[in-house]
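Peer 1: Numbering (the numbering used here), first residue to last: 111 to 524.
Supplied in structure tokens, the structure appears directly below.
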């Protein structure tokens, strides 16, 4: 089999493996195909290039959409999956050249195709659409990250957002499955794959105690690490303390930790002041957004030498000590592992597909702001997930519903 054909076959196998573990998305795809809600839609998808994303793209096509796909992270592209996806009818794959300029060209190529619905990650595609003046055809979009929601809300506050966006990131299902379950497991998966570090007995510092940081700290603690949390939000810092973690300022944590993981969504969370006090052999990884949380250029400027010691692992000589950087400071669970398990992405991508279909019907009536996903969508997805697992639950009786509305008990029969 020629190499290209081998890649396509391997990609199809990976996608099929993921789809078998995504029963909710399969049910949603069946609905979309039957109802045809996405008929005539051109969907621009900017997400990580994984088999699970390919399963979402295939579901959108089954619903009648034409899809333009661009990876949101140049390092998080599975070549076999991209090759297989390119062969799918109704799909155009726009690959970056691995550089920031190449990534911009790929995003621009999608914008030039004038999508009517946007499924975004970090508002990257939205940024390019607005800059190119190509957002007028967009009926609506979805955003699946905290950083992206913040950016889009900022655009809306300046009256510059051109279309309504559903904040998929803010749904209860997203917080439970993506952040709490997916991130905690997959970040440590990437760390262990690349470094083989023993977490038991290690000191692990987590910068940021939002849903992602909390999950990372919880999983690290469960593997026997002493966990340290650094925060700027007093409420989250208090939560971390009550959860049993040490809470200290960032410079103190940097000086004491064996492993430092950023998960904030901010820029320059770790800078030269931190690098200068780190222990010999300290390992740095980013689980936040893009590659801006660790000042990699600053680290390189401090170092007298840099060398690659393992795949995706670089050592920097800093003042007689060694500082280890994983995956060039990019998002570790995607650049160094497979991202979230298919079982986690199942509900999240099912929600993206349903939200996209909902926007084709209701987007024209929404103002150009960031909107909450209708609660009924989350409830429906939860019911589909329970059904897929063979789980049954109770329902309130009419008597109980009346009590909850009226706040007073009805007379009981003798």
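No residue lacks a Cβ here, since even glycine has one placed at the ideal position from N, Cα and C.
Between which two residues does the alpha helix (DSSP H) containing residue 443 stretch?
Peer 2: Residue mapping note: residue 443 aligns to position 333 of the chain shown, counting from 1. Residues 442–445.
Peer 1: Pick from 476, 418, 147, 390: whose alpha carbon is nearest that of residue 429?
Peer 2: To locate residue 429, count along the chain shown from 1; it is residue 319. The candidate whose alpha carbon is nearest that of residue 429 is 390.
Peer 1: Quick test of the definition: if touching needs 3 or more C-beta pairs under 8 Å, does the stretch 359–374 touch the stretch 322–331?
Peer 2: Yes, since at least three Cβ pairs between the stretch 359–374 and the stretch 322–331 fall closer than 8 Å, the two stretches touch.
Peer 1: Could you tell me the alpha carbon to alpha carbon distance between residue 452 and residue 247, rounded to whole angstroms?
Peer 2: Position 342 of the chain shown, counting from 1, holds the residue named residue 452. Position 137 of the chain shown, counting from 1, holds the residue named residue 247. So the two alpha carbons sit approximately 32 Å from each other.
Peer 1: At what residue ranges does the stretch 252–277 contain a whole run of the alpha helix (DSSP H), taking only runs of 4 or more?
Peer 2: Counting whole runs of 4 or more residues, the stretch 252–277 contains the alpha helix (DSSP H) stretches 256–267.
Peer 1: Taking only three categories from DSSP, how would you classify residue 420?
Peer 2: For this step, residue 420 is matched to residue 310 along the chain shown. Of the three classes helix, strand and coil, the one that applies to residue 420 here is strand, per DSSP.
Peer 1: Could you check where the beta strand (DSSP E) with residue 103 kicks off and where it finishes?
Peer 2: Lying before the first or after the last residue shown, residue 103 is absent from the chain, which here runs from 111 to 524.
Peer 1: Pick helix, strand or coil for residue 425, following the three-state DSSP scheme.
Peer 2: The residue given as residue 425 occupies position 315 in the chain shown. Reduced to three states, the DSSP call for residue 425 is strand.
Peer 1: Can you tell me whether residue 418 is buried or exposed? The criterion is at least 16 other CB atoms within 10 Å of its CB, across all chains shown.
Peer 2: In the chain shown, counting from the first residue as 1, residue 418 sits at position 308. Exposed.
Peer 1: Given a cut-off of 9 Å on the beta-carbon distance, is the pair residue 296 and residue 396 in contact?
Peer 2: Within the chain shown, residue 296 is the residue found at index 186, counting from 1. Within the chain shown, residue 396 is the residue found at index 286, counting from 1. No; because the gap between Cβ atoms is not below 9 Å, this pair is not in contact.
Peer 1: If we call anything under 9 Å between Cβ atoms a contact, is residue 142 one with residue 463?
Peer 2: Position 32 of the chain shown, counted from the start, is the residue given in the question as residue 142. Position 353 of the chain shown, counted from the start, is the residue given in the question as residue 463. Yes, they are a contact pair.
Peer 1: How would you call residue 514, buried or exposed, if buried means at least 16 neighbouring beta carbons within 10 angstroms?
Peer 2: Translated into the one-based positions of the chain shown, residue 514 becomes position 404. Per the 10 Å Cβ criterion, exposed.
Peer 1: Could you name the residues of the same chain whose beta carbon sits closer than 8 Å to that of residue 167, not counting the 5 residues immediately before and after it, in chain order?
Peer 2: Residue 167 sits at position 57 when you count from the first residue of the chain shown. 155, 177, 179, 195, 198, 201, listed in sequence order.
Peer 1: Answer yes or no: do residue 238 and residue 270 have a C-beta to C-beta separation smaller than 9 Å?
Peer 2: Position 128 of the chain shown, counted from the first residue, corresponds to residue 238. Position 160 of the chain shown, counted from the first residue, corresponds to residue 270. For residue 238 and residue 270, no; Cβs fall outside 9 Å.
Peer 1: Using DSSP with H/G/I as helix, E/B as strand and the rest coil, what is residue 223?
Peer 2: Residue mapping note: residue 223 aligns to position 113 of the chain shown, counting from 1. Correct three-state label for residue 223: coil.
Peer 1: Bridge partners for residue 368 per DSSP, in chain order?
Peer 2: Within the chain shown, the letter at position 258 stands for residue 368. Paired residues: none, contrary to the question.
Peer 1: Starting from residue 503, follow the alpha helix (DSSP H) in both directions and report where the run begins and ends.
Peer 2: Within the chain shown, numbered from 1, the residue matching residue 503 stands at position 393. No alpha helix (DSSP H) holds residue 503; DSSP gives it neither H nor E.
Peer 1: Give every residue of the same chain whose Cβ lies closer than 8 Å to the Cβ of residue 413, excluding the five residues on either side of it in the sequence, and list them in chain order.
Peer 2: Here residue 413 refers to the residue found at position 303 of the chain shown. Around residue 413: 426, 427, 428, 433.
Peer 1: Identify every run of the beta strand (DSSP E) within the stretch 143–169, keeping only runs that are complete inside it and at least 3 residues long; order them along the chain.
Peer 2: Within the stretch 143–169, the complete beta strand (DSSP E) runs of at least 3 residues are 152–157.
Peer 1: Looking only at its chain, what residues have a beta carbon closer than 6 Å to the beta carbon of residue 193, apart from the 5 residues adjacent to it on each side?
Peer 2: Along the chain shown, read from residue 1 onward, the residue named residue 193 stands at position 83. Counting only Cβ-Cβ distances below 6 Å, and skipping sequence neighbours, we find 117, 118, 121.
Peer 1: Go to residue 344, then tell me how far its alpha helix (DSSP H) extends in each direction, as first and last residue.
Peer 2: The sequence position of residue 344 within the chain shown is 234, counting from 1. 344–352 is the extent of the alpha helix (DSSP H) around residue 344.
Peer 1: Count the other C-beta atoms from every protein chain shown that fall within 10 angstroms of the C-beta of residue 383, then say buried if there are 16 or more, exposed otherwise.
Peer 2: The residue you call residue 383 lines up with position 273 of the chain shown. Per the 10 Å Cβ criterion, exposed.
Peer 1: According to DSSP, simplified to helix, strand and coil, what is residue 116?
Peer 2: Counted from its first residue, the chain shown places residue 116 at position 6. In this structure, residue 116 counts as helix in the three-state DSSP scheme.
Peer 1: Since residue 179 is in the beta strand (DSSP E), which residue starts that stretch and which ends it?
Peer 2: As a first step, residue 179 is located in the chain shown; it is residue number 69 there, counting from the start. 176–181 is the span of the beta strand (DSSP E), which, as asked, contains residue 179.
Peer 1: In angstroms, rounded to a whole number, what distance separates the CA positions of residue 319 and residue 284?
Peer 2: Looking up residue 319 in the chain shown gives position 209. Looking up residue 284 in the chain shown gives position 174. Approximately 16 Å between the Cα atoms of the pair.
Peer 1: Taking 9 Å as the threshold (C-beta atoms), are residue 313 and residue 335 in contact?
Peer 2: To locate residue 335, count along the chain shown from 1; it is residue 225. To locate residue 313, count along the chain shown from 1; it is residue 203. In contact: residue 335 and residue 313 (Cβ atoms closer than 9 Å).
Peer 1: Classify residue 229 as buried or exposed, calling it buried when 16 or more other Cβ atoms lie within 10 Å of its own Cβ.
Peer 2: As a working mapping, residue 229 is identified with position 119 in the chain shown. Answer is buried; the Cβ neighbour count reaches 16.
Peer 1: How many Å lie between residue 478 and residue 244 at the Cα?
Peer 2: Here residue 478 corresponds to residue number 368 of the chain shown, with the count starting at 1. Here residue 244 corresponds to residue number 134 of the chain shown, with the count starting at 1. The alpha-carbon atoms of residue 478 and residue 244 are separated by roughly 15 Å.
Peer 1: Relative to the C-alpha of residue 489, which residue among 315, 510, 386, 461 is closest?
Peer 2: Counting from one through the chain shown, the residue named residue 489 turns up at place 379. Taking only the C-alpha atoms, the option nearest residue 489 is 461.
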